[in-house]
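Take the sequence shown: its position 180, counting from 1, is numbered 180 in full-length UniProt numbering, and each next residue is one higher.
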Amino acid sequence: MASKEEIIAKAKDAITDFDEDLAAEVAEEALAAGIDPIELIEKGFTAGMQEVGEQFEQGSLFLPHVLAAAEAMNSGMEVIKPEMEKRKAETKSLGTVVIGTIEGDIHSIGKDIVASMLNIAGFKVVDLGRDVLIKTFVEKAKEIKPQIIASSALMTTTMVNQIQIEEQLKEAGVRDQVMTMVGGAPVTQDWADKIGADLYGESATDVVSKVRAALL
Numbered sequence: 001m002a003s004k005e006e007i008i009a010k011a012k013d014a015i016t017d018f019d020e021d022l023a024a025e026v027a028e029e030a031l032a033a034g035i036d037p038i039e040l041i042e043k044g045f046t047a048g049m050q051e052v053g054e055q056f057e058q059g060s061l062f063l064p065h066v067l068a069a070a071e072a073m074n075s076g077m078e079v080i081k082p083e084m085e086k087r088k089a090e091t092k093s094l095g096t097v098v099i100g101t102i103e104g105d106i107h108s109i110g111k112d113i114v115a116s117m118l119n120i121a122g123f124k125v126v127d128l129g130r131d132v133l134i135k136t137f138v139e140k141a142k143e144i145k146p147q148i149i150a151s152s153a154l155m156t157t158t159m160v161n162q163i164q165i166e167e168q169l170k171e172a173g174v175r176d177q178v179m180t181m182v183g184g185a186p187v188t189q190d191w192a193d194k195i196g197a198d199l200y201g202e203s204a205t206d207v208v209s210k211v212r213a214a215l216l
């Protein structure tokens, strides 16, 4: 029988090889071997997606490759989902996070990984998708009263819209009732400080640990 390390390595390979069947197979193998699904996702699937993302940024992979890797990850996640749902049913929700990719930006892979990881960690996640209007973030803040509004921007031209979230939440009179979080490739802690966001997430695991620290 394969060791835990071998199974996790295989999960990563399934993503970097864009192999949907292997991703599902590895997920089943991991569950059968009693491997913690969170560890499989973090060290296997997510690590693979991050590698694909880096190669995409360097120009050695292209958008179809990234989409194929995301499909492979989804295939593995579908297998793990029932186990995760069972775990969630056994633990109370730790808080609600509204997340979305900012208006004008259609990138969603990083945001999707963050949403999955927060979900797995026990938070209720309301995923607004990509190219989300600023007013939609504000409406959701008023409607469902989440603890955190998180926005992702993958381009310098769209990250400026994160300022608008801060401004429009203030105008709506709800800025003091919610924490804001920003992330994405061009986004930095300096940018978060400059626009007045409460939290900055550098990676999926960083987001989970910061959200946990802020809410628990």
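Every residue, glycine too, gets a C-beta built ideally from N, C-alpha and C.
Can you check whether the CB of V125 is closer than 8 Å to the CB of G76?
No.
Quick one: what does DSSP say M73 is sitting in, helix, strand or coil?
Residue state, collapsed to three classes: helix.
Given R70 as reference, the closest of G110, F137, A185, Q58 once Cα atoms are compared:
At residue 70 the sequence reads Ala, which differs from the Arg that was named. Nearest in C-alpha terms to A70, of all of G110, F137, A185, Q58, is G110.
Go through the UniProt domain "B12-binding" (94 to 216) residue by residue and report every complete run of the beta strand (DSSP E) that reaches 3 residues or more, in order.
Listed in chain order, the complete beta strand (DSSP E) runs (minimum 3 residues) inside the UniProt domain "B12-binding" (94 to 216) are 96 to 101, 124 to 127, 148 to 152, 179 to 183, 199 to 201.
For I35, which three-state DSSP category applies?
Three-state result, I35: coil.
Alpha carbons only, please: which of A2, A197, T16, M49 is nearest the one belonging to D112?
Here the closest residue by C-alpha is M49.
Just to confirm, is the Cβ distance from I134 to N161 under 8 Å?
Yes.
With DSSP collapsed to three states, give me the class of L40.
In the structure shown, the three-state DSSP call for L40 is helix.
In three-state terms, what does DSSP make of L61?
Looking at L61 - three-state DSSP - the assignment turns out to be coil, as it is neither helix nor strand.
Just mark D193 as buried or exposed, buried being the case when its beta carbon has 16 or more other beta carbons within 10 Å.
Under the 10 Å beta carbon count, D193 is surrounded by fewer than 16 other beta carbons and is classified as exposed.
Below 8 Å, can you find three or more Cβ-Cβ pairs linking the segment 16 to 33 to the segment 79 to 98?
Yes, they touch.
Verify the contact flag: T157, CB atom, against every heavy atom of the ligand PLP, threshold strictly below 7 Å.
Of the ligands one can find in the structure shown there are none, so the ligand PLP has no counterpart to examine.
Touching by the beta-carbon criterion (3+ pairs, under 8 Å), the segment 140 to 155 and the segment 53 to 67
The segment 140 to 155 is not in contact with the segment 53 to 67.
What do you reckon, are the CB atoms on A204 and T46 nearer than 8 Å?
Yes, the pair counts as a contact, with Cβ atoms nearer than the cut-off.
Using the rule of at least 16 other Cβ atoms within 10 Å of the residue's Cβ for burial, across every protein chain shown, is A72 buried or exposed?
A72 should be labelled buried.
Taking Cβ to Cβ, would you say V211 is nearer than 8 Å to Y200?
Against a cut-off of 8 Å, the Cβ pair of Y200 and V211 comes out as no contact.
CA nearest to the CA of S116, picked from I15, V207, M155
Cα-wise, what sits closest to S116 is V207.
In chain order, what residues of the same chain lie with their CB nearer than 8 Å to the CB of M179, ignoring the 5 residues before and after it?
Counting only residues of its own chain and dropping the five nearest sequence neighbours on each side, M179 has a CB closer than 8 Å to the CB of Q147, I148, I149, D198, L199, A214.
Could you give the residue range of the alpha helix (DSSP H) that holds T46?
Note, T46: premise wrong, no alpha helix (DSSP H); not H, not E.
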